[in-house]
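Student: For what it's worth, our numbering labels the leading residue of the sequence shown as 9, then goes sequentially.
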Amino acid sequence: MKIALINGDGIGPEQMESARSILYKIDDILDINLEFEEIEAGDSALIKYGKALPDESIEKIKRCDACLKAPIGSSAADVIVTLRRMLDLYANVRPAKTYPTIKALKDDIDIIIVRENTEDLYSGLEYELDDSAIAIKVITRRASLRIAEFAFKMAMMRERKIVHAVHKANLLRKSDGLFALCCREVANRYPEVEYGEMLIDACSMQLIREPREFSIIVTMNMYGDILSDEAAQVVGSLGIAPSANIGDKFAIFEPVHGSAPDIAGKGIANPLSLILSAEMMFEWLSSKDRRCKIAAEMIDNAINNVLRKGIKTPDISGNNNTHEVTSAIINELTNY
Ligand code: ATP
């Protein structure tokens, strides 16, 4: 099993050092035969090669089974947007759940935001016209059906089989209207799943007022981007927010947050967002090798135990540094 690793910028390398030692430990225990391919990408590659995502890096990534990526600095969009498009990673999966001892708005929140990852206002179709600027919102039937299908399949694997499609079809009748129609069409094929629709403004409010109402939210690119940052804060911190960019053949796993230049180099970055991203990676890889399922469970168990012991970084009201949290997780893995 070959894993591409992107070190990233800012706190990225600190987080990756932590995640890498956890991957080594897991491999030691489970003997999955993990191989790691170090990929140059981001601000450092831009300085060295004049390109944030050199061609050689792309070729290396394509030869791997999955990619674990730490946050990148100012060239973030050049790397991840290119990879999402090139590898057709159409589903951006962003879980937001409560963890022991991390202060959240409510207990027992367990939401997954499934965000369409390839179109909408982020298609790059933006123009200047005299004194105006125009951005084009692209919504296609194909991408909307595909993401809705993904969300409902995911709901079928969960205890709470509920999907909310989020849009603004009362105003954007054609674009968001098409998205809503597609979600309804897919919902009809999944009678076991409870289906609801919510306007984006109402959903933003409801996420604060009663987040436990939600299980899976499926939405378009921009709304998903914004809602997932909100959801991360609802459960405590961006520092515990992992994500996945999933296509039919490949997937990239990365924290929701950016490179956090304000705390870079201080040794206090929360490594959990990247370690939880590695957990999602093992979940996804478990269809190729069932030992990866055990790896995911081991990571989840270790993180929960470490948090219960109160070992955590300052962003989640702890007193420990990145290294101490990492060592505590490795210790838990050893005792699994
Ligand atoms: P960028 O420009 O790369 O997006 P940013 O600082 O604008 O970086 P984020 O990186 O998303 O935005 O960070 C937002 C805030 O959350 C910052 O104050 C940052 O320190 C904090 N933060 C984000 N990730 C973590 C983490 N893993 N551990 C601790 N604090 C974090």
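Every residue, glycine too, gets a C-beta built ideally from N, C-alpha and C.
Note that this is a predicted model, so its numbers are computed, not measured.
1. What are the start and end residues of each continuous alpha helix (DSSP H) run of 4 or more residues lying completely inside the segment 258-297, in chain order?
2. Please report the Cβ distance between Tyr130 and Asn253, rounded to the nearest whole angstrom; I am assuming they are in contact, meaning their Cβ atoms lie under 8 Å.
3. If I measure Cβ to Cβ from Ala240 and keep anything under 7 Å in the same chain, skipping five residues before and after, which residues do I get?
4. Can Met1 and Ala49 be called in contact, C-beta distance under 8 Å?
5. List the endpoints of the continuous beta strand (DSSP E) containing Thr227.
6. So, helix, strand or coil for Ala78, using DSSP?
7. Spell out a yes or no on whether the segment 104-114 and the segment 162-172 are touching, meaning 3 or more CB-CB pairs, one atom from each, closer than 8 Å.
8. Are Ile260 and Lys70 closer than 8 Å when you measure CB to CB?
9. With a Cβ-Cβ cutoff of 8 Å, do Val171 and Val226 count as a contact?
10. Taking the C-alpha atoms as reference points, what is the distance between Gly58 and Gly204?
11. Is there at least one non-hydrogen atom of the ligand ATP closer than 7 Å to the beta-carbon of Ile271?
12. Could you give the residue range of the alpha helix (DSSP H) that holds Ala27?
13. Quick check: what's the CA-CA separation for Leu153 versus Ala188?
14. Excluding the 5 residues preceding and the 5 following Tyr107 in the sequence, name in chain order all residues of the same chain whose CB lies nearer than 6 Å to its CB.
15. I'd like to know whether the C-beta atoms of Ala27 and Pro322 end up nearer to each other than 8 Å.
16. From what residue to what residue does the beta strand (DSSP E) around Gln206 run?
17. Quick check: Glu157 and Val201, are their CB atoms within less than 8 Å of each other?
18. Report the CB separation of Asn313 from Lys320 in whole angstroms; it is logged as a contact under 8 Å.
19. Just the Cα atoms here: how many angstroms apart are Ile19 and Pro199?
20. Taking 6 Å as the limit between beta carbons, can you name the residues of its chain near Met206, skipping five residues before and five after?
21. Could you have a look at Asp323 and say whether DSSP puts it in helix, strand or coil?
22. Going by Cα to Cα distance, which pick from Gly16, Asp35, Ile14, Asp17 is closest to Thr342?
23. Does the Cβ-Cβ distance between Asp17 and Ser212 come in under 8 Å?
Tutor: The answer reads as follows:
1. 280-293
2. About 13 Å; that fails the 8 Å criterion.
3. Ala104, Leu246, Ala249, Val264
4. For the chain, the structure presents residues 9 to 344; residue 1 sits outside this window and is missing.
5. 224-227
6. coil
7. no
8. No, Cβ-Cβ distance for Ile260 and Lys70 is not below 8 Å.
9. yes
10. 47 Å
11. yes
12. 20-38
13. Distance between Leu153 and Ala188, taken at the CA atoms: about 10 Å.
14. Leu315
15. no
16. What sits at residue 206 in the sequence shown is Met, not Gln. Start and end: 202-207.
17. no
18. Contact doesn't hold; Cβ gap of about 12 Å is too wide.
19. Answer to the nearest angstrom: the Cα atoms are 45 Å apart.
20. His172, Val174
21. helix
22. Selection Gly16, Asp35, Ile14, Asp17 evaluated against Thr342 yields Asp35 as nearest (Cα-Cα).
23. By the CB criterion at 8 Å, Asp17 and Ser212 fall outside the cutoff.
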